[in-house]
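Residue numbers (our numbering): 137 to 354.
Think of the CB as a built atom: it goes at the ideal place given N, C-alpha and C, for glycine as much as any other residue.
For clarity, every value in this text was computed on a predicted model and none was experimentally measured.
First up is the structure itself, then whatever we jot down about it.
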């Protein structure tokens, strides 16, 4: 019966996708591949009960996942792999080296995809030519946004080296709100001033929190 249940669940996924699966059923299916000889339904329920939702399970710290009875190293690693894979897939399937943006909304959506499942605050600099074509998207810093970590010299040097005409700064608030902090506002104003002095158009500073984003520069 155990093997038949697993077989039926896999076939159901292949036929229907995950749209009609309950959150615990999604986790149950996933855990088939790290817990081969045990019923994963109870463990899946325990994960949902502990963290509250499917997305919260995937965002949970590795150490806290390991506190759930039945979750060991392989299962915790597999769970943490899912949002990282989703982020990689979203970025690679929606962008390419020759991508051209026509609106700031498209840039905002680009960064929403880039931060899927991210658990650390990370700063990126998007560089564009004068036709809004992407030149590069550079990771500037991993950690909180402040003027000591994100130096204006580094931002400007990266833009000048790549012969960029336009620049967009972006960072995320993992498990937070799309509300800029005083450091965010200060860094935005400093970046706008620095790029202006170099004749580079600063299009904004995108702050992402989950599926929401704001442009701090007004």
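Residue 239 sits in coil when the DSSP states are folded into three classes, being neither helix nor strand.
Scanning the stretch 262–298 for uninterrupted alpha helix (DSSP H) segments of 4 residues or longer gives 288–297, listed from N- to C-terminal end. Distance check between residue 258 and each of 246, 243, 278 and 270 places 278 closest, using alpha-carbon atoms only. Under the three-state reduction of DSSP output, residue 311 falls in the coil class, being neither helix nor strand. The closest CA to that of residue 205, considering only 178, 254 and 345, is found on 178.
Following the DSSP letters along the chain, one finds residue 184 inside the alpha helix (DSSP H) bounded by residues 177–187. The three-state reading of DSSP puts residue 255 in coil, since its state is none of H, G, I, E or B. In terms of Cβ geometry, residue 306 and residue 345 do not form a close pair [threshold 8 angstroms].
Taking every protein chain shown into account, the CB of residue 210 has fewer than 16 other CB atoms within 10 angstroms, so this residue is exposed.
If you draw a straight line from the Cα of residue 293 to the Cα of residue 329, it comes to about 14 angstroms.
For residue 163, the enclosing alpha helix (DSSP H) begins and ends at 159–167. Contact holds between the stretch 188–195 and the stretch 155–165, because three or more Cβ pairs, one in each stretch, are under 8 angstroms apart.
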